[in-house]
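Written below as structure tokens is the structure these notes are about.
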Amino acid sequence: MSELFPEQWPSLLQHLGDWKGSFTRLSPDGNVQKDTPTLVSLEGLNENKSIRQTIRRFDENSQEISPPQVLQYSTLNRGTLFFANGAFSVGAMQFSPVSEFGAELGFIHGDRRLRLVPLFTNTSELSSITLIREFRQDTAATELPPLSIEQLLGTWEGKAIVLYPDWRSPDTFSTRLLLERQGDRLSQTLSAPGLNLTSTAIINGSIVQFSGEENAMRVLLLPDGASCTIPAKITNRKPFFLEVGWLVKENLRYRLIRRYDERGGWVNLTLVTERKVTKS
Numbered sequence: 070m071s072e073l074f075p076e077q078w079p080s081l082l083q084h085l086g087d088w089k090g091s092f093t094r095l096s097p098d099g100n101v102q103k104d105t106p107t108l109v110s111l112e113g114l115n116e117n118k119s120i121r122q123t124i125r126r127f128d129e130n131s132q133e134i135s136p137p138q139v140l141q142y143s144t145l146n147r148g149t150l151f152f153a154n155g156a157f158s159v160g161a162m163q164f165s166p167v168s169e170f171g172a173e174l175g176f177i178h179g180d181r182r183l184r185l186v187p188l189f190t191n192t193s194e195l196s197s198i199t200l201i202r203e204f205r206q207d208t209a210a211t212e213l214p215p216l217s218i219e220q221l222l223g224t225w226e227g228k229a230i231v232l233y234p235d236w237r238s239p240d241t242f243s244t245r246l247l248l249e250r251q252g253d254r255l256s257q258t259l260s261a262p263g264l265n266l267t268s269t270a271i272i273n274g275s276i277v278q279f280s281g282e283e284n285a286m287r288v289l290l291l292p293d294g295a296s297c298t299i300p301a302k303i304t305n306r307k308p309f310f311l312e313v314g315w316l317v318k319e320n321l322r323y324r325l326i327r328r329y330d331e332r333g334g335w336v337n338l339t340l341v342t343e344r345k346v347t348k349s
């Protein structure tokens, strides 16, 4: 396969190791409800043809609060896709308005990982978000500051790679994103081949609420340079997407977008790698 659409298993192997961090459960508004220290180990077996994943959870005194959760696998399920840089998403192939629904979107950058899992109820309402911040054990990696609007303002130019669950050839294209602020309003202009979209939002602390449509999207600004763009409720028979962003440097940001169509089927997974070229 091409460099843009690598074999999935080698991309997963970038995640091997011991990852110390926490699972932080957030409310739909981004408020912390519970923070659980964790140690996630990914061990290659049989010359890395299989992987054993062990998840340990601890209390504030570093005591394990439950038996370790151990998973072992040698293939990836159909709801999973990996990019060459190790970014990935795993989740439901099909959305149903009468079932619980969720997905995981994650990044790896050096000795850091960041993952986020939004969960929706069987009435399609956002129930919680789990933010997972991890550091490769015994390294000097540190957490990034909470994301702010000011860090995002300006012009971002990027490259998008789109992978499909049927493994067709990936699509690639250039992107341009302009973010400007006037008082409590945020203006966003997104340009890509065949697309020029402008939208506005109201800034309310760490919540950016886009208007102009039913169940409009909201952006939550989160710890560790993270953000997520999600609906408060998924509308049946309308396309939707889940997006997670990670600002790993002042001028470098990753975004992962998992899209579903009007029938609730998973359509594709997009990775955007963008760099700030001008400040607002």
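Numbering of the sequence shown is given in my numbering, commencing with residue 70 and proceeding in unit increments. Even for Gly, the Cβ is constructed at its ideal location relative to N, Cα and C.
For residue i, three-class secondary structure by DSSP
i, result
"isoleucine 291", "With the sequence shown as reference, residue 291 is identified as leucine, and isoleucine is not the correct amino acid for it. If DSSP states are grouped into helix, strand and coil, leucine 291 belongs with coil."
"serine 165", "coil"
"serine 238", "coil"
"glutamine 220", "helix"
"serine 80", "helix"
"alanine 156", "coil"
"arginine 306", "coil"
"glutamate 212", "coil"
"serine 280", "coil"
"serine 364", "In the structure as shown, the chain starts at 70 and stops at 349, and residue 364 therefore has no counterpart that could be examined."
"glycine 252", "coil"
"arginine 328", "strand"
"arginine 147", "coil"
"aspartate 128", "coil"
"glutamine 122", "strand"
"lysine 348", "coil"
"aspartate 104", "strand"
"glycine 333", "coil"
"serine 275", "coil"
"glutamate 203", "strand"
"proline 97", "coil"
"glycine 263", "coil"
"glutamate 173", "strand"
"alanine 301", "coil"
"serine 71", "Here serine 71 scores only 38 on pLDDT, less than 50, and its place in the model is too uncertain to base an answer on."
Assigned exposure category for residue i - 16 Cβ within 10 Å defines buried
i, result
"valine 231", "buried"
"isoleucine 384", "Given a span of 70 to 349 for the chain in the structure shown, any question on residue 384 remains unanswerable."
"glycine 294", "buried"
"isoleucine 198", "buried"
"valine 341", "buried"
"lysine 103", "exposed"
"tryptophan 236", "exposed"
"glutamine 132", "exposed"
"valine 159", "buried"
"glutamine 163", "exposed"
"isoleucine 134", "exposed"
Residue j beta carbon less than 8 Å from that of residue i
i, j, result
"lysine 348", "glycine 252", "no"
"proline 137", "isoleucine 120", "no"
"arginine 351", "asparagine 337", "Residue 351 lies beyond the residue range present for the chain, which begins at 70 and ends at 349; the question has no answer from this structure."
"proline 215", "proline 292", "yes"
"methionine 286", "isoleucine 299", "yes"
"glycine 355", "arginine 202", "Lying before the first or after the last residue shown, residue 355 is absent from the chain, which here runs from 70 to 349."
"leucine 188", "glycine 171", "yes"
"glutamate 343", "glutamate 226", "yes"
"glutamate 169", "asparagine 191", "yes"
"phenylalanine 151", "glutamine 257", "no"
"leucine 255", "leucine 266", "no"
"leucine 209", "glycine 179", "Contrary to the premise, residue 209 reads as alanine rather than leucine in this sequence. Not in contact: alanine 209 and glycine 179 (Cβ atoms no closer than 8 Å)."
"glutamate 331", "lysine 302", "no"
"alanine 261", "threonine 241", "no"
"alanine 229", "threonine 149", "no"
"glycine 155", "glutamine 83", "yes"
"arginine 147", "proline 239", "no"
"serine 217", "leucine 290", "yes"
Bridge partners - residue i, DSSP secondary structure assignment
i, result
"alanine 229", "Phe242, Val341"
"aspartate 87", "Ser110"
"serine 135", "Serine 135 is not bridged to any residue."
"lysine 318", "Leu321"
"serine 296", "Leu290, Gly314"
"alanine 270", "Leu255, Phe279"
Cβ-Cβ separation, residue j to residue i (assumed contact under 8 Å), whole Å
i, j, result
"phenylalanine 279", "serine 268", "6 Å"
"leucine 316", "glutamine 220", "6 Å"
"threonine 93", "leucine 213", "Not really, about 14 Å apart at Cβ, beyond 8 Å."
"serine 80", "lysine 118", "In fact, because the Cβ distance is near 15 Å, the residues do not count as touching under 8 Å."
"leucine 114", "leucine 85", "Not confirmed; about 11 Å, so no contact."
"arginine 181", "phenylalanine 157", "Arginine 181 to phenylalanine 157, Cβ: 15 Å. No contact."
beta-carbon residue i near the ligand COA non-hydrogen atom, thresh 7 Å
i, result
"proline 262", "With respect to small molecules bound, the structure shown includes none, and the ligand COA cannot be examined in it."
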